[in-house]
Amino acid sequence: MMSSFKRASPPGFTLIELLVVLFIIGLVSSLVFLSVGRGIFTSQKRGVVRAFGEKLTMARSKSLGTGRIVQFFIYGEERAFGIEGGEKEPFPKSVQVEGKGVADYSEGIYAITFYPDGSSSGGTITISWPDGTAYRLTVGRFFGVIKVKKLEGMS
-17 MMSSFKRASP PGFTLIELLV VLFIIGLVSS LVFLSVGRGI FTSQKRGVVR AFGEKLTMAR
43 SKSLGTGRIV QFFIYGEERA FGIEGGEKEP FPKSVQVEGK GVADYSEGIY AITFYPDGSS
103 SGGTITISWP DGTAYRLTVG RFFGVIKVKK LEGMS
């Protein structure tokens, strides 16, 4: 009588199975990294726009609250912005800031003035990036209201 013995294979995975799993993990992690990286860049853009909007709103509120004229400045040469008498906040070198209807305060310095009655000198500030993303901040003359709009199709 012949007996046949089957050799039991050791428990575990083959090398090919392990390589396939590692490849899939690498592929998924690279996709996650790209997605997170894009989200961080978008959030940085929104942060710059939000900072401009907050300073403009702060200047308007300060003028209404103190009953005095308050100016918001853009310092072109220094690539910064702020409220008169306050700290200057820099903006990234990759950002282009353009003003339309914004007063030319002195060489390289531009201003939007907020008055105690709620009005302002008005103007439009366009903030854009090399990839074509752009936002427009509009300050109304009569009520000093600040509106932010993302511009579509800019390049």
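Residue numbering for the sequence shown is -17 to 137, as defined by the working numbering. For each residue, glycine too, the CB sits at the ideal point set by N, CA and C.
- For secondary structure counted as the beta strand (DSSP E) over 3 or more consecutive residues, the region 18 to 90 holds these complete runs in sequence order: 52 to 57, 62 to 65, 78 to 82 and 85 to 88.
- With contacts defined as CB atoms closer than 9 Å, residue 3 and residue 117 fail to qualify as a contacting pair.
- Sequence-distant Cβ neighbours of residue 34 in its own chain, meaning closer than 7 Å and more than five residues away, are 63, 107, 109 and 119.
- Between the alpha carbons of residue -5 and residue 1 lies a gap of roughly 10 Å.
- At a Cβ-Cβ threshold of 9 Å, residue 92 and residue 128 do not count as neighbours.
- Assignment of beta-bridge partners to residue 118 by DSSP yields 108 and 131.
- Around residue 49, the same chain offers 98 as residues with beta carbons nearer than 7 Å, after the five sequence neighbours per side are excluded.
- The beta carbons of residue 103 and residue 84 sit closer together than 9 Å.
- Residue 11 sits in a helix when the DSSP states are folded into three classes.
- Scanning 115, 126, -7 and 122 for the CA closest to the CA of residue 132 turns up 115.
- Counting every other CB atom within 10 Å of its CB across the protein chains shown gives residue 26 a total below 16, marking it as exposed.
- Straight through space, the alpha carbons of residue 11 and residue 46 are spaced by roughly 51 Å.
- Taking all protein chains shown into account, residue 9 has fewer than 16 neighbouring C-beta atoms within 10 Å of its C-beta and is therefore exposed.
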